[in-house]
Amino acid sequence: MSPSGRPVTLITGAAGGIGSALARVLAPIHDLILSGRGDARLAALCSELGATGLPLDLTRPQTFAEAVAGLKRVTNVIHNAGVVELGAVADQAHAVWTHTLAVNTVAPAELTRVLLPRVREERGTFVFVNSGAGLRANAGWASYAASKFALRAVADALREEEALHGVRVGTVYPSRTATPMQQLVRSQEGGAYDPDTYIEPQSVAATIAFMLDAPRDAVLTDVTVRAGVRT
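Counting in full-length UniProt numbering, the sequence shown runs from 1 upward without gaps.
Next up, the structure:
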């Protein structure tokens, strides 16, 4: 897959705002496997960057082992895909909770499991794209925050389990980022979407790239990214 010996990096949710920005940042120095729903946006991004596409249905983790069977090297895995549906605990039915936890927590855990032997061979890195909601749960955010708190637990446990194998595990916590998901959130909140008040996805992508490129004796375990003053 990578005769050049360059790192091979798999990104989930690759067609989204942070995912596509990260893919463009890494493309010059990484061979990319871009995962998504297999729609036209993913196909166009793969064509643009010369990347390999990997359609995955994140609601069906039982299909992951077969889907990745043909992959050879995998150096890094960026768990970036996610869903959000806001609502009070009193109002959200179990179907919302089940779907949110399946996509945001169970899918990354299972994809990690099936790719772990390849990443161990490369002494590579897992990066979990979390959220400020993974550090604090606010009213109306229970199901999403619960999935992100759980995702943090997956990352923390994996870090301790895999340290002896030379696998690095980091979590990045972006605050509100100017992406289509944030536009959806603002619609659910009944507020206006002003991308100029949020972090640019390219800034989050640059942070993740820095985590991947850190010296081997350094592990950036938890990185919080907040909006700063734009120049």
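Positions of the beta carbon are idealized from the N, C-alpha and C atoms, including for glycine.
Report yes if the C-beta distance between residue i and residue j is below 8 Å; otherwise report no.
i           : j           : result
residue 51  : residue 81  : no
residue 12  : residue 26  : no
residue 143 : residue 85  : yes
residue 102 : residue 59  : yes
residue 42  : residue 14  : yes
residue 182 : residue 193 : yes
residue 167 : residue 126 : yes
residue 38  : residue 46  : no
Can you give the beta carbon distance from residue i to residue j, rounded, assuming they're within the 8 Å contact cut?
i           : j           : result
residue 77  : residue 119 : 6 Å
residue 30  : residue 7   : 5 Å
residue 18  : residue 185 : That belief does not hold up - the Cβ atoms of residue 18 and residue 185 are roughly 14 Å apart, past 8 Å.
residue 179 : residue 124 : The pair is not a contact, with the Cβ atoms about 26 Å apart (cut-off 8 Å).
Among the options, which residue has its Cα nearest to the Cα of residue i?
i           : options              : result
residue 92  : 73, 47, 132 and 141  : 141
residue 67  : 35, 75 and 46        : 35
residue 138 : 168, 198, 47 and 87  : 87
residue 222 : 228, 194 and 170     : 170
residue 112 : 162, 133, 5 and 28   : 162
residue 73  : 33, 37, 207 and 167  : 33
residue 122 : 228, 96, 220 and 216 : 216
Excluding the 5 residues flanking residue i on each side, which residues of the same chain have their C-beta closer than 6 Å to its C-beta?
i           : result
residue 146 : none
residue 155 : 128, 169 and 171
Near residue i, which residues of its chain fall below 7 Å by C-beta distance, leaving aside the five closest residues on each side in sequence?
i           : result
residue 226 : 175
residue 114 : 64, 65 and 68
residue 100 : 83, 85, 143, 144 and 147
residue 130 : 148, 151, 152, 171, 172 and 173
residue 61  : 106, 107 and 110
residue 177 : 17, 18, 198, 199, 201 and 204
residue 132 : 173 and 175
residue 2   : Reliability fails at residue 2, whose pLDDT of 49 lies under 50, so the model's placement of it is uncertain and no value is given.
Whole beta strand (DSSP E) elements within the segment 35-64, 3-residue minimum: 52-55
Whole alpha helix (DSSP H) elements within the segment 64-145, 4-residue minimum: 64-67, 94-101 and 107-122
Complete beta strand (DSSP E) runs within the segment 164-209 (minimum length 3 residues, chain order): 168-174
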